[in-house]
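Numbering (the numbering used here), first residue to last: 175 to 415.
Contents: one structure, followed by commentary.
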């Protein structure tokens with residue numbers, strides 16, 4: 175089935191992550207910490223930790239640094255206790271926004287997130303106010319020009335729920351969170367390497383923004399992503415460049 179064009183937004187997000195490479199390690203370390211504390215240090219028995227370690231390797235984090243943070247989180251070494259917290263709200267044009275954080279000070283974090291929303295044209299909402307507009311799922315995105323028939327064949331056989339061809343030629347594979355590792359391994363085993371492979375909150379419907387509204391939404395998202403305690407920002411805005 176055809177979908178809205180997502181490639182430009184994905185490329186923008188990747189370039190923003192590259193610009194903030196210095197913060198990537200901090201966020202990955204927090205994810206490793208929480209994943210190891212909740213599911214234990216065994217990568218084979220802890221899919222969330224395995225995904226966090228993959229992110230760390232992709233960010234060129236040394237193996238000894240990865241091991242150190244797993245050991246610290248699992249009790250071998252003493253460390254800071256982070257907790258996960260999610261905030262929801264609305265951006266420009268009523269676009270839905272989810273902000274996932276890891277923090278050692280919830281009071282500080284909520285104040286910073288609320289300030290970012292209010293200063294840049296958004297509104298913070300209550301728990302559950304926008305989450306129903308998103309699907310928690312595995313998402314793998316392939317660049318335009320990838321063989322869609324081959325992606326579909328391998329992905330569906332591995333247990334994916336859907337394969338979507340976007341208007342600009344990108345291919346999106348969606349699957350249940352529990353099937354993410356198997357689908358990713360099958361695709362990579364077939365020589366199909368995605369540009370994006372993550373467990374995410376995917377918007378079910380999009381709100382198109384252009385002109386000044388698009389610029390204002392970009393600014394709000396950038397400010398939220400730059401907050402130290404923020405791990406990820408999800409939204410349903412289709413932003414024109």
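Just so it is clear, CB atoms sit at the ideal spot from N, CA and C, and this is done for glycine as well.
- Taking 8 Å as the cut-off, the Cβ atoms of residue 304 and residue 283 do not count as close.
- Residue 281 sits exposed, since fewer than 16 C-beta atoms from the chains shown fall within 10 Å of its C-beta.
- Counting C-beta pairs closer than 8 Å gives three or more between the stretch 258-275 and the stretch 369-386, which meets the contact rule.
- Around the C-beta of residue 351, fewer than 16 other C-beta atoms lie within 10 Å, and the residue is accordingly described as exposed.
- Measuring C-alpha to C-alpha distances from residue 403 to each of 278, 369, 236 identifies 278 as the nearest.
- Residue 337 has its alpha-carbon roughly 12 Å from the corresponding atom of residue 331.
- Residue 243 sits in a helix when the DSSP states are folded into three classes.
- Sixteen is the threshold: since fewer than 16 other Cβ atoms of the shown chains lie within 10 Å of the Cβ of residue 236, the residue is exposed.
- When only Cα atoms are considered, residue 389 and residue 271 end up about 16 Å apart.
- Counting only runs of 3 or more residues that sit fully inside the stretch 344-388, the beta strand (DSSP E) segments are 345-349, 370-377, 381-383, in chain order.
- Rounded to the nearest whole angstrom, the C-alpha separation of residue 214 and residue 359 is 22 Å.
- Per the Cβ contact rule, the stretch 289-308 is not in contact with the stretch 316-327 (fewer than 3 Cβ pairs under 8 Å).
- In this structure, DSSP gives residue 296 a state outside helix and strand, which the three-state scheme calls coil.
- The Cβ atoms of residue 333 and residue 356 sit closer than 8 Å to each other.
- Beta bridge pairing from DSSP links residue 316 with 345.
- Under a 10 Å Cβ-count criterion, residue 400 is classified as exposed, with fewer than 16 other Cβ atoms of the shown protein chains found around its own Cβ.
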